[in-house]
Amino acid sequence: RIAKGARKMKEITYYEMLEMARLGAGVMQPRSVEMGLQYKIPIHVRSTFTKKTGTIIREDYTMEEKNFEIRGVAHDDKVAKIAVLGVPNTPGVAHAIFSSLSDANISVDMIVQSIRNAEKNITDMVFTVASSDLFEAKKVVDGVATKLKAIAVLVEEDVAKVSIVGASMLGNPGIASRMFGALSGAGVNIDIISTSEISISCLIKGTELVTAVNAIHDEFFPRNKDAE
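First residue of the sequence shown: 7, per the working numbering; consecutive thereafter.
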């Protein structure tokens, strides 16, 4: 929907589709894919307005499809960042913050902890939540931050997450480097990085989302200029 010249994948695995859905791709309901995975039933995703072949979601893909280093680029602009600044760098601090959020039924996605002052042994805890959970999450974190004697709790709403997904990344060194290089070349700064076995995600400014998606897409799925 954002990338110019985006192409249709003939096949994708259940796990890759589930990861794409988790990272913001609004193609399939995760529960539908989970049912297909459980009973090993291939799922054909296609338009109801045409007889053209769509994308097959299955356990594995053919040798032809294995040539792709990643399967797709996903994005999510319905996220927000919360930073708890200047908390003690001691055991139990992370648990205090995230258990309180869990008790409030708030899911946390990307997490990074960085030393703020080594001499004073204090650190910053930064993480993301869904935009719809931001108001409640801020209230919960404010309460915990007071108990921890944090310096401040900051919120940033103009952020977005861009991700690449692909089971083949495990056997292809340099995928992360290429993603970061594409973002750098487009002038997009990375705030937070998180990874799973089959995905890499970066938190960036929300205003740079379109630029980031196109830069990454062009890196891994270069457009045929002659065909345009």
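By construction, the Cβ of each residue, glycine as well, lies at the ideal position given by its N, Cα and C atoms.
Runs of beta strand (DSSP E) wholly within the stretch 61-143 (minimum 3 residues, chain order): 61-64, 78-94, 114-123 and 128-136
Closest Cα partner of Val168 within the set Met34, Val194 and Thr19: Residue mapping note: residue 168 aligns to position 162 of the sequence shown, counting from 1. Closest option to Val168, Cα to Cα, is Val194.
Which residues DSSP lists as bridging His50, in chain order: Residue numbering aside, residue 50 sits at position 44 when the sequence shown is read from its first letter. For His50, which the question treats as bridged, DSSP gives the partners Ile62.
At least three beta-carbon pairs within less than 8 angstroms, the stretch 169-179 to the stretch 84-95: no
Outcome for Ile206 when other beta-carbon atoms lying within 10 angstroms are tallied against a minimum of 16: Translated into the one-based positions of the sequence shown, residue 206 becomes position 200. Looking at its Cβ environment, which holds 16 or more other Cβ atoms inside 10 Å, Ile206 is buried.
Separation of Gly11 from Ala188, as counted between CA atoms: By one-based count along the sequence shown, residue 188 stands at place 182. By one-based count along the sequence shown, residue 11 stands at place 5. If I take the Cα positions, the gap works out to 17 angstroms.
Own chain, CB closer than 8 angstroms to Gly60, minus 5 neighbours either side, in chain order: What you label residue 60 is simply residue 54 of the sequence shown in a count that begins at 1. So the list reads Lys14, His50, Val51, Arg52 and Ser53, once near-sequence residues are dropped.
Cβ-Cβ distance between Val159 and Ala151 below 7 angstroms: Here residue 159 refers to the residue found at position 153 when the sequence shown is read from its first residue. Here residue 151 refers to the residue found at position 145 when the sequence shown is read from its first residue. Result yes, Cβ atoms of Val159 and Ala151 sit closer than 7 angstroms.
Buried/exposed call for Phe133, threshold 16 Cβ in 10 Å: The residue you call residue 133 lines up with position 127 of the sequence shown. Classification for Phe133: buried.
Proximity test, Ala9 beta-carbon vs the ligand HEM heavy atom, cut-off 6 angstroms: Questions concerning the ligand HEM fall outside what the structure shown contains, since it holds no ligand whatsoever.
The stretch 119-127 in contact with the stretch 208-219 per 3-pair CB rule at 8 angstroms: no
Residues bridged to Lys167 [DSSP beta-bridge criterion]: On the sequence shown, residue 167 is found 161 positions in, with the first residue counted as 1. Beta-bridge pairing links Lys167 to Asp82 and Leu209.
Rounded Cβ spacing between Phe226 and Ile76 (contact assumed at less than 8 angstroms): Residue mapping note: residue 226 aligns to position 220 of the sequence shown, counting from 1. Residue mapping note: residue 76 aligns to position 70 of the sequence shown, counting from 1. Phe226 to Ile76, Cβ: 5 angstroms. Contact.
Close beta carbons around Phe104, own chain, < 7 angstroms, minus the five adjacent residues each side: One-based indexing of the sequence shown puts residue 104 at position 98. For Phe104, where only same-chain residues beyond five positions count, the Cβ hits under 7 angstroms are Val114.
Under the three-state DSSP convention, the category Leu160 falls into: Within the sequence shown, numbered from 1, the residue matching residue 160 stands at position 154. Strand, per DSSP.
Residue environment, Asn66, which counts as buried when at least 16 other CB atoms sit within 10 Å: Taking the sequence shown and counting its residues from 1, the one referred to as residue 66 is at position 60. It should be noted that the sequence gives Asp, not Asn, for residue 66. Flag for Asp66 reads exposed.
Which listed residue (Lys58, Phe55, Arg64 and Gln35) has its alpha carbon closest to that of Leu43: Along the sequence shown, read from residue 1 onward, the residue named residue 43 stands at position 37. Ranking Lys58, Phe55, Arg64 and Gln35 by Cα distance to Leu43 puts Arg64 first.
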